[in-house]
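See structure below.
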Amino acid sequence: MKLNFSENLKKLRKQKEITQEALADVLGVSGQSVSRWEIGICYPDLELLPSIANYFGVSVDSLLSNDTKSKQEEHEAFYPTLDSISDGAKRIEFIREYCCKYPENDEYAYVLVQDIKDYAAADETKLRKYMPLVEKLVPRLLETRYRNATIQIMVSICEEKDLQSWLSMTPYSGWSRRYCLVARAMAHGDWEHVHVQQGLEMFESMADQLDRRYPDQLGPQGKVQFHREVLDMIRSLGGGIVPDGWKMFYAYKQLVMSACLFGCGEGEQGWKNFREAIAMYQEAHALPETYLSIGGKLFSDLKVSKDWNYAIDSKGERHKLFAMVNLSRYNAVYICDLLENPRWAWFDSVRDMPEYCEALSWVKQKVQEQRDED
């Protein structure tokens, strides 16, 4: 792509009747640099273009002769030409040329940062070379529609010491933190870590979806069928047996199902589920292990803590879980709220029965024990 900068600069300088040396003094560069610009050997740094344009009282576009027609034509040629370049360094130089000619175009700036990530993330030497350029462009991109995508790129290429800072900028929805960590592992070619991060991503996503679907509009019978399928799916993760790491969550869903059954007038089946849920909840509380299995290879052989705050991989490395607060229902307060909350009117027919009161008493005891521990 041929720039018109050199011809325009020479013309503007002569119209202003100043020497190359005088212009160089104004811009804080050498006279040789201005000479090389006018010959077309090289171009000034991106941040100098606004200063040059301001000095001559013209726009950057005018300085570069970027009329609307030429902009459109060159934009149409941008991606086909870029796709024809396979060498990473040459691709970057091609995009930089566009960024130099169209310094206010956020799209070209984003493509440049993206290409640098793809080319240099796994090579420290290359990354050190291009990071100063990335750091100049990123603050501006964070104010554009490319914000989330830029954060993902920075998670992929930043130093370990800056990782948490960039992760904290990542929204939980859409471009999730886990998605960014998967992308970081991929960018560095660490496929073992990719496998672990994807296992974490699957676990978080599945647990979140199972927890926040509320088929209330289906009525008690519809909710019974819904929760029956949820429970069947969780058992399938352990080959027909509920994995230890899912037992708290399973017991909570089974209590919800028992309420639905009571609401349908199916008292016998409701009590069966109620008893099984309380028994599983007590069993899960008594498990001595710190980390519990959640389903083997499907979740990259990860194990999770009872409160679902952390997971460990097969090498014992610990990973913080995102957006999983209280999902395990390990906190007895949530079970207590389920049993006492008047909103769960389907429990009304059994609230005064000794077995229900005994279960509630045990849950309240666990609530007090957890408060004492805190």
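In the numbering used here, the protein residues as written are -3 to 370.
In this text, a Cβ means the ideal position worked out from N, Cα and C, and glycines have one as well.
3 or more residues per run - each beta strand (DSSP E) lying fully within the segment 15 to 70: none
Straight-line Cα distance separating residue 245 from residue 200: To locate residue 200, count along the sequence shown from 1; it is residue 204. To locate residue 245, count along the sequence shown from 1; it is residue 249. Cα to Cα, the separation comes out at about 13 Å.
Cβ-Cβ separation, residue 174 to residue 193 (assumed contact under 8 Å), whole Å: Along the sequence shown, read from residue 1 onward, the residue named residue 193 stands at position 197. Along the sequence shown, read from residue 1 onward, the residue named residue 174 stands at position 178. The C-beta separation of residue 193 from residue 174 comes to about 7 Å, placing the pair in contact by the 8 Å criterion.
Under the three-state DSSP convention, the category residue 184 falls into: On the sequence shown, position 188 is the one that residue 184 refers to. Residue state, collapsed to three classes: coil.
Cut-off 6 Å between Cβ atoms - residues of its own chain near residue 247, not counting five sequence neighbours on either side: Position 251 of the sequence shown, counted from the start, is the residue given in the question as residue 247. Taken in chain order, the residues that qualify are 273, 276 and 277.
Member of 253, 230 and 187 whose CA lies at the smallest distance from the CA of residue 212: Sequence index remark: in the sequence shown, residue 212 carries index 216 (1-based). Nearest of 253, 230 and 187 to residue 212, Cα basis: 253.
C-alpha gap between residue 11 and residue 54, whole angstroms: The count along the sequence shown starts at 1 and reaches residue 11 at position 15. The count along the sequence shown starts at 1 and reaches residue 54 at position 58. Spanning the two alpha carbons is a distance of roughly 13 Å.
Helix, strand or coil at residue 348 [DSSP, three-state]: Working through the sequence shown from its first residue, we reach residue 348 at position 352. DSSP places residue 348 in coil when its eight states are reduced to three.
Per-residue burial, residue 9 [other beta carbons within 10 Å of its own, 16 or more giving buried]: Sequence index remark: in the sequence shown, residue 9 carries index 13 (1-based). Its Cβ being crowded by 16 or more others within 10 Å, residue 9 is buried.
Inter-stretch contact at 8 Å, needing at least 3 Cβ pairs: the segment 215 to 223 / the segment 256 to 265: yes
Three-way DSSP call (helix, strand, coil) for residue 105 in this model: Residue numbering aside, residue 105 sits at position 109 when the sequence shown is read from its first letter. If DSSP states are grouped into helix, strand and coil, residue 105 belongs with the helices.
Under 9 Å between C-beta atoms of residue 231 and residue 238: On the sequence shown, residue 231 is found 235 positions in, with the first residue counted as 1. On the sequence shown, residue 238 is found 242 positions in, with the first residue counted as 1. Taking 9 Å as the Cβ cut-off, residue 231 and residue 238 qualify as a contacting pair.
DSSP-derived helix/strand/coil call for residue 82: The residue you call residue 82 lines up with position 86 of the sequence shown. If DSSP states are grouped into helix, strand and coil, residue 82 belongs with coil.
DSSP-derived helix/strand/coil call for residue 375: The first residue shown for the chain is -3 and the last is 370, placing residue 375 beyond what the model contains.
Burial state of residue 197, where buried means 16 or more other Cβ atoms lie within 10 Å: Position 201 of the sequence shown, counting from 1, holds the residue named residue 197. The residue in question, residue 197, is buried, as its Cβ has 16 or more Cβ neighbours within 10 Å.
Inter-residue spacing [alpha-carbon to alpha-carbon] between residue 154 and residue 116: To locate residue 154, count along the sequence shown from 1; it is residue 158. To locate residue 116, count along the sequence shown from 1; it is residue 120. Cα-Cα distance, rounded: 11 Å.
Other residues of its chain near residue 29: CB distance less than 7 Å, five sequence neighbours each side excluded: Within the sequence shown, numbered from 1, the residue matching residue 29 stands at position 33. So the qualifying residues of the chain are 20.
Three-pair Cβ contact test at 8 Å for the segment 339 to 353 versus the segment 299 to 319: With a cut-off of 8 Å, the segment 299 to 319 and the segment 339 to 353 do not count as touching, because too few Cβ pairs lie within range.
is_contact[residue 236, chain C] using C-beta, thresh 9 Å: In summary, chain C is missing from the structure at hand, where a single protein chain is found.
C-beta contact flag for residue 151 and residue 179 at 9 Å: For this step, residue 151 is matched to residue 155 along the sequence shown. For this step, residue 179 is matched to residue 183 along the sequence shown. Contact: yes.
Cβ separation of residue 372 and residue 105, assumed to be a contact under 8 Å, to the nearest whole Å: Since the first residue of the chain shown is -3 and the last is 370, residue 372 is not available in this structure.
Status (buried if at least 16 other CB within 10 Å, exposed otherwise) for residue 22: Within the sequence shown, residue 22 is the residue found at index 26, counting from 1. Exposed, by the Cβ-count rule.
Closest by C-alpha distance to residue 326, when choosing among 318, 301, 176 and 51: If you number the sequence shown from 1, residue 326 lands on position 330. Nearest option by C-alpha distance: 301.
Limits of the unbroken beta strand (DSSP E) element including residue 325: Start at 1 with the first residue of the sequence shown, and residue 325 comes out as number 329. Note, residue 325: premise wrong, no beta strand (DSSP E); not H, not E.
Inter-residue CB distance, residue 316 and residue 306 (contact presumed, cutoff 8 Å): Looking up residue 316 in the sequence shown gives position 320. Looking up residue 306 in the sequence shown gives position 310. Going by Cβ atoms, the distance from residue 316 to residue 306 rounds to 6 Å, so yes, they are a contact pair.
Residue 136 beta carbon less than 9 Å from that of residue 158: Along the sequence shown, read from residue 1 onward, the residue named residue 158 stands at position 162. Along the sequence shown, read from residue 1 onward, the residue named residue 136 stands at position 140. Not closer than 9 Å, so no.
Cβ-based burial, residue 50 [other Cβ within 10 Å; buried from 16]: Position 54 of the sequence shown, counted from the first residue, corresponds to residue 50. Exposed, because fewer than 16 other Cβ atoms sit within 10 Å of the Cβ of residue 50.
DSSP state of residue 288 mapped onto helix, strand, coil: Counting from one through the sequence shown, the residue named residue 288 turns up at place 292. Residue 288 falls in the strand class under three-state DSSP.
Nearest-angstrom Cα separation, counted from residue 75 out to residue 187: On the sequence shown, position 191 is the one that residue 187 refers to. On the sequence shown, position 79 is the one that residue 75 refers to. Rounded to the nearest angstrom, the two C-alpha atoms are 30 Å apart.
Pairwise C-alpha distance: residue 78 and residue 176: Here residue 176 refers to the residue found at position 180 of the sequence shown. Here residue 78 refers to the residue found at position 82 of the sequence shown. Taking the straight line joining both Cα atoms gives about 26 Å.
Enclosing alpha helix (DSSP H) for residue 271 [first to last residue]: Numbered from its first residue, the sequence shown carries residue 271 at position 275. Taken as a continuous stretch (DSSP letters only), the alpha helix (DSSP H) holding residue 271 covers 263 to 282.
Whole-number beta carbon distance between residue 2 and residue 34, since they are thought to touch under 8 Å: Here residue 34 is taken as the residue at index 38 of the sequence shown, counted from 1. Here residue 2 is taken as the residue at index 6 of the sequence shown, counted from 1. Between residue 2 and residue 34 the Cβ distance is about 5 Å, and since that is below 8 Å, they are a contact.
Proximity winner among 350, 165, 128 and 120, relative to residue 138 (alpha-carbon distances): Taking the sequence shown and counting its residues from 1, one reaches residue 138 at position 142. Ranking the options by Cα distance to residue 138, first place goes to 165.
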